[in-house]
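Its first residue numbered 15, the sequence shown is counted upward by one per residue in this note's numbering. Even glycine gets a Cβ: it sits at the ideal position worked out from N, Cα and C. The structure displayed is predicted, hence computed values, not measured ones.
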Amino acid sequence: MVLLLPLVLGIAQVALVLHVRNTVAAAASEGARAAAPLGATPADGAQRARRLIAEALADRYADDVTAALAGVGGVPGVEVVVRTRVPALGLFGPSVPVTVRGHAVREVEP
Numbered sequence: 015m016v017l018l019l020p021l022v023l024g025i026a027q028v029a030l031v032l033h034v035r036n037t038v039a040a041a042a043s044e045g046a047r048a049a050a051p052l053g054a055t056p057a058d059g060a061q062r063a064r065r066l067i068a069e070a071l072a073d074r075y076a077d078d079v080t081a082a083l084a085g086v087g088g089v090p091g092v093e094v095v096v097r098t099r100v101p102a103l104g105l106f107g108p109s110v111p112v113t114v115r116g117h118a119v120r121e122v123e124p
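If you want it as structure tokens, here you go:
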């Protein structure tokens, strides 16, 4: 029993870290897609990513979201970068930095 409790808590912690990281990565990708249509701006993508992160997790995970025009495979695109800190020990303990990037090909006028 003494060994089982730390094992279960460790598995729960890994699940929490992966959940936060995957949710932030999905928001970055969705933000890039929001900035890709004709007439949209990188700021639209950053705002979309911030809103998704705040809805799914908390505002504190959406503090550092940036978006910029970037090449994606040699074609015009947009990149949304989210830098956050993921709790490494419990919900409010020490944290580790995580940086995720979302990319999308930008629509251009014909």
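What's the gap between the Cα of Val-89 and the Cα of Pro-51?
Val-89 and Pro-51: Cα-Cα distance of roughly 14 Å.
Burial state of Pro-111, where buried means 16 or more other Cβ atoms lie within 10 Å
Exposed: under 16 other Cβ atoms inside 10 Å.
Can the beta-carbon of Thr-37 be found closer than 7 Å to that of Ala-70?
With contacts defined by Cβ atoms closer than 7 Å, Thr-37 and Ala-70 form a contacting pair.
Counting along the chain, where does the beta strand (DSSP E) carrying Val-16 start and finish?
Membership of Val-16 in any beta strand (DSSP E) is not indicated, and neither H nor E is assigned to it by DSSP.
Who are Ala-81's beta bridge partners in DSSP?
For Ala-81, which the question treats as bridged, DSSP gives the partners Val-94.
Taking the beta carbon of Thr-55 as the centre, do at least 16 other beta carbons fall within 10 Å, making it buried, or is it exposed?
Thr-55 counts as exposed, since fewer than 16 other beta carbons sit within 10 angstroms of its beta carbon.
May I ask which residues mark the beginning and end of the alpha helix (DSSP H) holding Arg-62?
For Arg-62, the uninterrupted alpha helix (DSSP H) segment begins and ends at 56-70.
Local conformation of Val-122 per DSSP, three classes:
Coil.
Would DSSP call Gly-116 helix, strand or coil?
The answer is strand: DSSP assigns Gly-116 an E or B state.
Please look up how many angstroms separate the CB atoms of Ala-68 and Gly-59, rounded, as I've assumed it's under 8 Å.
The beta-carbon distance between Ala-68 and Gly-59, rounded to whole angstroms, is 15 Å. This is too long to meet the 8 Å contact definition.
Would you call the stretch 23-32 and the stretch 69-83 touching, i.e. three or more CB-CB distances under 8 Å?
Touching, no, given that fewer than three Cβ pairs across the two stretches are closer than 8 Å.
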